[in-house]
Amino acid sequence: MCQPFLYTFDTHWFGIIRRLQSLKNYFYLFSIPPFSQTVLIAHTMKCKPGTRTIKNYKNRLLPAVSLALLFLMAQVSVVAQSLPVGTTLLEETVRRLQVTGRSNNTQSQMIRPLVAASPEQFDSLIFPQVDTAFSRQQAMRLSWGKNGSITVLPAQLRQQYNSSFAYGWNDGAMVPAKGYQAFASAGLFLRKGILSIQLQPEAVLAANPAFPLFPQSYSDSVWYNFYIIQDRVDAPQRMGDGVYRKLLAGQSSVRLNFKKLSFGISSENLWWGPGVRNSLLMTNNAPGFPHLTFNTTAPVQTRIGTFEWQVIAGRLKGSGVLPQDTSRRINDSALFTPKLNDHRYINAFVLNWQPKWIKGLYLGFSRAFYQYESQIPKNLNGYFPVLGAWLGNSAGTENQSGGRDQLLSFSFRLVLPESKAELYGEYGRNDRSLNFRDILLEPEHSRAYVLGLRKYFVNAKGREKALFFEATQLQKTSSIIIREQESWYTHYQVRHGYTHLGQVLGAGIGPGGSNSQTLGMSWYKGVNRTEFSLERVVRNNDLFFAAFSGSREFMRHWADLSLNGSKQWTRGRYLFSADASLVRALNYQYKQSFTPEGNKDQFNLRLGLTAGYRF
Numbered sequence: 013m014c015q016p017f018l019y020t021f022d023t024h025w026f027g028i029i030r031r032l033q034s035l036k037n038y039f040y041l042f043s044i045p046p047f048s049q050t051v052l053i054a055h056t057m058k059c060k061p062g063t064r065t066i067k068n069y070k071n072r073l074l075p076a077v078s079l080a081l082l083f084l085m086a087q088v089s090v091v092a093q094s095l096p097v098g099t100t101l102l103e104e105t106v107r108r109l110q111v112t113g114r115s116n117n118t119q120s121q122m123i124r125p126l127v128a129a130s131p132e133q134f135d136s137l138i139f140p141q142v143d144t145a146f147s148r149q150q151a152m153r154l155s156w157g158k159n160g161s162i163t164v165l166p167a168q169l170r171q172q173y174n175s176s177f178a179y180g181w182n183d184g185a186m187v188p189a190k191g192y193q194a195f196a197s198a199g200l201f202l203r204k205g206i207l208s209i210q211l212q213p214e215a216v217l218a219a220n221p222a223f224p225l226f227p228q229s230y231s232d233s234v235w236y237n238f239y240i241i242q243d244r245v246d247a248p249q250r251m252g253d254g255v256y257r258k259l260l261a262g263q264s265s266v267r268l269n270f271k272k273l274s275f276g277i278s279s280e281n282l283w284w285g286p287g288v289r290n291s292l293l294m295t296n297n298a299p300g301f302p303h304l305t306f307n308t309t310a311p312v313q314t315r316i317g318t319f320e321w322q323v324i325a326g327r328l329k330g331s332g333v334l335p336q337d338t339s340r341r342i343n344d345s346a347l348f349t350p351k352l353n354d355h356r357y358i359n360a361f362v363l364n365w366q367p368k369w370i371k372g373l374y375l376g377f378s379r380a381f382y383q384y385e386s387q388i389p390k391n392l393n394g395y396f397p398v399l400g401a402w403l404g405n406s407a408g409t410e411n412q413s414g415g416r417d418q419l420l421s422f423s424f425r426l427v428l429p430e431s432k433a434e435l436y437g438e439y440g441r442n443d444r445s446l447n448f449r450d451i452l453l454e455p456e457h458s459r460a461y462v463l464g465l466r467k468y469f470v471n472a473k474g475r476e477k478a479l480f481f482e483a484t485q486l487q488k489t490s491s492i493i494i495r496e497q498e499s500w501y502t503h504y505q506v507r508h509g510y511t512h513l514g515q516v517l518g519a520g521i522g523p524g525g526s527n528s529q530t531l532g533m534s535w536y537k538g539v540n541r542t543e544f545s546l547e548r549v550v551r552n553n554d555l556f557f558a559a560f561s562g563s564r565e566f567m568r569h570w571a572d573l574s575l576n577g578s579k580q581w582t583r584g585r586y587l588f589s590a591d592a593s594l595v596r597a598l599n600y601q602y603k604q605s606f607t608p609e610g611n612k613d614q615f616n617l618r619l620g621l622t623a624g625y626r627f
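Just remember that the working numbering sits 12 ahead of the position in the sequence shown, which is counted from 1.
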């Protein structure tokens, strides 16, 4: 019997011919682990019944014709499968192909998770261009009535270990903790007509032993400034006492999908913005939170270019963990004031525009409002404040909106395929401007930013490497001298801050005035990647200047210097990832040699190992 075959095509080489039992089944493959670098091309052979033929397709078939045939055969096969935020190598591969000009993907990569709602998108997202035994494996899929299917999603076990103190971010449901920690996930994807259901729960277990926190020996004035931050954000340094356990809905969703639009309820992690290490409004630093979502699954074409967007309305929960030393008193007054026992409502949106006159340029705007649910005004502006004007009163008069806080950002990403490079940036504010004149006079007030670049180098054999740099600045600006200013992700009225389950939704180096710089190099061989980087993180300069500027101890900044290495590779149906970080914390917790605790510098070894299996 004549059977369909698949082969891969690249500008440098042709891959191995692969016979498939069913081309339609192949297109249902879904995998979180990354694959690839070569365009997948299919061809069905015309042959007599009862015969099996394999021929040299390299010289016989135009890739464009074959690809069109593949899309035609699979035009109803895929509906709204997503690539979870944090699927590092796969997300990076999609981005790498776009930057190096080997993909016609026009998505901005500034709204994630990436969602595929058409065959073309699915091919470019799930099957990037590399032919390996791993990428050719079929996923386990069962039929579900007419026009329905059930796909078994990959299982994943992630482990990490910190030797001395909590370190690391952008790890979703995992928590800042010393010692051993494990994360596990698995699930199913169900599709029937326009309905898609993704069930992918997550479980976390952390040993969470004690480690040095803010020194008890510090003066009352230092502790007072420490509590100004702690009183305005729910971000514990340690997630309670003893073992930490959590079972979460994880990367789950129920959606209705029509053409390039999707509406549903989800608990998936979100990432808004072009940053890789940090982004200002949405990252996977915290666990995913339950939310309603209305979003595009592909760029929407208009006369002035293409647009992508996402609008959400969700619920943020507290950690339930009290700050350090809640019994401390100054002048017979307690430093600790209990926070309101209430969930927070968040309404946010992101809109990206690709002007048709400037190919490769993406411009974005995002905005988020949050407040306690019990304080929401019972009107349209209360439940959908993102619809209002973004210019308004300053933070000092935010009580007029019922104790609501907001953050906003503008972003850009410039893709230069000819140079195999990209530039990107994000500028944000956590305080509304009085008016447009205020923006012109003090554009730096309450601002934060992310700036980055990445340059790829490809040799004659097709081997790749990349040089990358990213800087993030959250520290308060000089306008604090004459104008009130909140630290990023903190708020004096919404006192849990911009967090969920005790972790910041935005840049993982927060909350407060932290800054970071990352410089690194990556090497690629097929789906495998090896990476080394140097990173510097200055911890909460807002607290440092408030607590220690009076003593003029300019050598007391707390800065983490780290040397990081990672490798990701595949074996059959397995995906492995290993990483290690050697961290030297200078003036850990702002210590000096004369403090009673001593040991002003701390060393930490962070190890990580992930294993994934694709059924």
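Note that beta-carbon positions come from the ideal geometry of N, C-alpha and C, so glycine has one too. Just so it is clear, the structure is predicted and the values come from calculations on it, not from any experiment.
Item	Value
Assuming L292 contacts G518 (C-beta within less than 8 Å), just tell me the rounded distance between them.	5 Å
Taking C-beta to C-beta, are T314 and K272 nearer than 8 Å?	no
DSSP three-state label for P299, please.	coil
So what's S458 in DSSP terms, helix, strand or just coil?	coil
Which parts of the stretch 151-197 are runs of the beta strand (DSSP E), unbroken and 3 residues or longer, counting only runs that do not cross its ends?	153-155 and 160-174
Report all residues from its chain with a CB closer than 7 Å to the CB of S155; omit the five preceding and five following residues, and keep chain order.	S161
Closest to R441 by CA distance: which of A222, V462, D572 and Y504 is it?	V462
So the beta strand (DSSP E) F270 belongs to, where does it begin and stop?	S265 to F270
Which of helix, strand or coil does DSSP assign to R327?	strand
Does DSSP put Y230 in a helix, in a strand, or in coil?	coil
How is the beta strand (DSSP E) around Y439 delimited, first residue to last?	A433 to R441
Under 8 Å: do the stretch 483-497 and the stretch 452-469 share three or more Cβ pairs, one atom per stretch?	yes
Note down, in chain order, each residue of its chain lying with its Cβ closer than 7 Å to the Cβ of D243, except the 5 sequence neighbours on either side.	T349 and R507
Could you check what DSSP says for N552 in three-state terms: helix, strand or coil?	coil
How would you call K371, buried or exposed, if buried means at least 16 neighbouring beta carbons within 10 angstroms?	exposed
Return yes when the Cβ of S593 is within less than 8 Å of the Cβ of R618, no when it is not.	yes
What three-state label does DSSP hand I450 in the structure shown?	In the sequence as presented, Ile is not what sits at residue 450; that position holds Asp. Of the three classes helix, strand and coil, the one that applies to D450 here is helix, per DSSP.
Apart from the five residues just before and just after Q536, which ones in its own chain have a Cβ nearer than 6 Å to its Cβ?	First, the amino acid is wrong: residue 536 is Tyr here, not Gln. E476.
For E438, count neighbouring Cβ atoms within 10 angstroms of its own Cβ and tell me buried if that reaches 16, exposed if not.	buried
Flag this pair as yes or no: are the beta carbons of G520 and L486 separated by less than 8 Å?	no
Around the C-beta of Q604, are 16 or more other C-beta atoms found within 10 angstroms, so that it is buried, or is it exposed?	exposed
Under the rule that 16 or more other beta-carbon atoms within 10 Å means buried, what is I324, buried or exposed?	buried
In the DSSP output, what is K204 paired with across the bridge?	G160 and L207
Counting C-beta neighbours from all protein chains within 10 Å, is the total for F238 16 or more, i.e. buried, or is it exposed?	buried
Looking at the unbroken beta strand (DSSP E) that takes in N576, where does it start and where does it end?	A571 to R583
Would you kindly work out how many angstroms separate the C-alpha atoms of I209 and R257, rounded to a whole number?	26 Å
Taking F177 as the reference, give the member of G205, R356 and P188 with the closest Cα.	P188
Tell me the rounded alpha-carbon separation between L225 and A219.	17 Å
Go ahead and label L52 buried or exposed: buried means 16 or more other beta carbons lie within 10 angstroms of its beta carbon, across all protein chains shown.	Because L52 carries a pLDDT of 29, less than 50, the predicted location of this residue cannot be relied on, and the following value inherits that uncertainty. Flag for L52 reads buried.
When the cut-off is 8 Å and only beta carbons count, does T318 lie next to chain D?	This model lacks chain D altogether, as it is built from one protein chain only.
Spell out the partners DSSP gives I277 in its beta bridges.	V266 and L304
Residue range of the beta strand (DSSP E) that Q366 falls in?	R356 to P367
Just how far apart, CA to CA, sit I241 and V234?	12 Å
Residue range of the beta strand (DSSP E) that Q418 falls in?	D417 to L428
Near Q418, which residues of its chain fall below 6 Å by C-beta distance, leaving aside the five closest residues on each side in sequence?	F381
Would you list the one or two residues that DSSP bridges to K467?	A433 and L479
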